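Participant:
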Amino acid sequence: MKNTVKGWMYILLCADGSYYTGSTNDLERRILQHQEGEGSNHTKKRLPVKLIYFEEYERIDLAFYREKQVQGWSRKKKEALINGNPELLPQLAIAYRDLLSEG
């Protein structure tokens, strides 16, 4: 059996209140990199950061796919995920333009 590398999708809360979504194969090391200003440009300018959510995956590619999915979400949808309210996700996935066309 092929040795697979685990992966994590994570969300950081930045000092300015913004969220940063990323993925990694070493969560602890990656968070330290962000804290030391060696992470992304987004977090480098918004230190300190705090890990507020993560999901563990059997393979790094699955974590990367999830990162890209969550990056496209609205702030409210990310907050429903962070706060453990998955029942709100389908409702928050409805685009504003779809609500306008219903009326």
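Residue numbers (full-length UniProt numbering): 1 to 103. Ideal Cβ placement from N, Cα and C applies to all residues, glycine included. None of these values were measured; they are calculated from a predicted model.
#1: Between Glu58, Glu55 and Gly39, which has its C-alpha nearest Val49's C-alpha?
#2: Under DSSP, the beta strand (DSSP E) around Lys50 begins and ends at which residues?
#3: Any C-beta of chain D sitting closer than 9 Å to the C-beta of Ile31?
#4: With DSSP as the reference, please indicate the residues paired to Thr21 in a beta bridge.
#5: By Cβ distance below 6 Å, which residues in the same chain neighbour Tyr57 in space, the five residues on each side in sequence not counted?
Facilitator: Looking at the coordinates:
#1: Gly39
#2: First-last of the beta strand (DSSP E) with Lys50: Val49 to Tyr57.
#3: Given the protein chain composition of this structure (a single chain), no chain D is represented.
#4: Ile11
#5: Gly7 and Ala63
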